[in-house]
Amino acid sequence: MNWEQLLSLRRQGDTHKRLRKEQDETRLGFEVDYDRIIFSAAFRSLQDKTQVIPLSKTDFVHTRLTHSLEVSVVGRSLGRIAGKKILEKHPYLKEVHGYHFNDFGAIVAAAALAHDIGNPPFGHSGEKAIGEYFKTGNGQHYRSELSEKEYQDIIDFEGNSNGLKLLTETREGVQGGLRLSYATLGAFMKYPKESLPKKPTAHIADKKFGFFQTERHFFEEVAKELGLNQTRQGKDSSFSRHPLTYLVEAADDICYTIIDFEDGINLGLIPEDFALEYLIKLVKDSINTKKYNEMVYMEDRLSYLRALAISTLITDVIQVFVENEEAILDGTFGVSLLDKSKYKAQISDIIQLSVEKVYQSQEVIEKEIAGYRIISDILDVYTSALVQKTKGQASNYDRLVVKTLPAFYQRTEDLSIYQILLNTCCYVASLSDGAAVHIHNKIMGRHL
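Numbering (the working numbering) for the sequence shown: 584 to 1031.
Right, here's the structure in full:
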């Protein structure tokens, strides 16, 4: 893979090549990507989607929205620093093509901003709830009407794949969704493969899948435009990661490691002294002990350690990225950047404590159980109504149910059963936590 091709400004539907030297510096194409994402309805819904604690009533806890904004900030820093070093190593990118280090920051920031845009309500348990409905719930009777890959798409429903669908899906009068640059879409795609074969290798890019069958052809177009290495030939679509994806992933890893931990402390789930000790171990080489000891309030000490920890990990990630650039470009770098961090032991300790004290806390478990039931019930009502409609067997109840959906999701004409089921999953995934609870109460007859 080569950087010139990887930094493509092309957008879906373009007939002419977009050259970096011809870009308006006051509104660069990669920066337009960021604007389009932040003004989208899908991004706004993240303000009421779970990051750590579902349906939390405290101001301390991050939502997917605040998490995504923070990841984009860290991602921008990572992209700019990496971009500066890449341009020093490959000066032709600037001298011949006109790229600047800020371009790398803009691409990573936009992809990072969108990294959770396809996630369902109730956190990662929401993904599992959608899949379980079709794997072990009432949805499993659709199995015979789907191909192997179509069925796998649904039983392993992926927020990353749904994110690509949201960003690129054509609607009547809106060609190509948000029409983001291919460079940003490439950086966004953490898992550039389809749902089968499942985990064919131990390479991190094969851990999950990054697109549904409905987006396969467009995904392949983007991958070929960017020059991503094809890792399997024949009927299976699989490519190497875009190198900047590693920075998007690192930004996410840094934020959830440090900031989810911070949420646990603020909520009282993790004892302050115990938690601060873990963070101090991470930043012991750079902490200003005098400054730290002068801080009277826990919030200030925690804020100082958080900022220092993020800065420490940014520096470390850049070093790993630069040292492994060749392996990343040829597709053989098979782990995340933080897996090669010299602070891996400290990171693992923090994550383990977060798992024990926060992610598996009683409050989280109880709300995730409720989320499973809510998602299953909503899917049951809507999939049945839509499938009955497409088969011409809709009851009056089915017709009433369908009318409660947004117009785009009411369509069944010329759609396969797979497309109808997938659209319904994507509708449920688009709901915020609060909206899912509200709709569930309505369709279950609890509220009028």
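We put the beta carbon where it would ideally sit given N, CA and C, even for glycine. Bear in mind the structure is a predicted one, so any value in this text is a computation, not a measurement.
I need the straight-line Cα distance from Arg594 to Arg603, nearest angstrom please.
In a straight line, the C-alpha of Arg594 is about 13 Å away from that of Arg603.
Under DSSP, the alpha helix (DSSP H) around Ala624 begins and ends at which residues?
First-last of the alpha helix (DSSP H) with Ala624: 624-627.
Reducing DSSP to helix, strand and coil, say where Thr872 ends up.
Helix, per DSSP.
Does the structure place the segment 652-661 close enough to the segment 720-736 that three or more beta carbon pairs sit under 8 Å?
Touching, no, given that fewer than three Cβ pairs across the two stretches are closer than 8 Å.
Write down the C-beta distance between Lys791 and Glu741 rounded to the nearest angstrom, noting that I regard them as a contact closer than 8 Å.
Yes, they are in contact, since the Cβ atoms of Lys791 and Glu741 sit about 6 Å apart, within 8 Å.
Between the beta-carbon of Leu920 and the beta-carbon of Thr895, is there less than 8 Å?
Not closer than 8 Å, so no.
Looking at the structure shown, is Arg601 part of a helix, part of a strand, or coil, going by DSSP?
Reduced to three states, the DSSP call for Arg601 is coil.
Name the residue from Asp739, Ile948, Arg994 whose alpha carbon lies nearest to the alpha carbon of Val970.
Selected option, being the one with the closest Cα: Arg994.
Considering only DSSP beta bridges, list what Val757 is partnered with.
Val757 pairs with Arg754.
Asn1024 versus Arg982 - alpha carbon distance:
Going from the Cα of Asn1024 to the Cα of Arg982 covers about 19 Å.
Residue closest to Gly720, alpha-carbon to alpha-carbon, out of Asp631, Ile961, Met881:
The option with the nearest alpha carbon to Gly720 is Ile961.
Residue environment, Gly709, which counts as buried when at least 16 other CB atoms sit within 10 Å:
Flag for Gly709 reads buried.
If you draw a straight line from the alpha carbon of Ala910 to that of Leu592, how long is it in whole angstroms?
Distance from the CA atom of Ala910 to the CA atom of Leu592, rounded to whole angstroms, is 24 Å.
Give every residue of the same chain whose Cβ lies closer than 7 Å to the Cβ of Lys718, excluding the five residues on either side of it in the sequence, and list them in chain order.
For Lys718, where only same-chain residues beyond five positions count, the Cβ hits under 7 Å are Ile738.
Taking the CB atoms as reference points, tell me whether Leu885 and Ile848 lie closer together than 8 Å.
The Cβ atoms of Leu885 and Ile848 lie closer than 8 Å to each other.
Is it true that the CB of Leu852 sits closer than 8 Å to the CB of Leu589?
Leu589 places its beta carbon 8 Å or farther from that of Leu852.
Could you have a look at Thr609 and say whether DSSP puts it in helix, strand or coil?
In the three-state reduction of the DSSP assignment, Thr609 falls in the coil class.
Is it right to say Gly954 is buried, meaning 16 or more other beta carbons lie within 10 angstroms of its own, or is it exposed?
Buried, by the Cβ-count rule.
Apart from the five residues just before and just after Ile1003, which ones in its own chain have a Cβ nearer than 8 Å to its Cβ?
For Ile1003, where only same-chain residues beyond five positions count, the Cβ hits under 8 Å are Thr966, Leu969, Val970, Thr973, Thr995.
Does the beta-carbon distance from Glu777 to Asp819 come in below 8 Å?
Against a cut-off of 8 Å, the Cβ pair of Asp819 and Glu777 comes out as a contact.
Distance, Cα to Cα, Asn745 vs Ile897?
Distance between the alpha carbons of Asn745 and Ile897: 28 Å.
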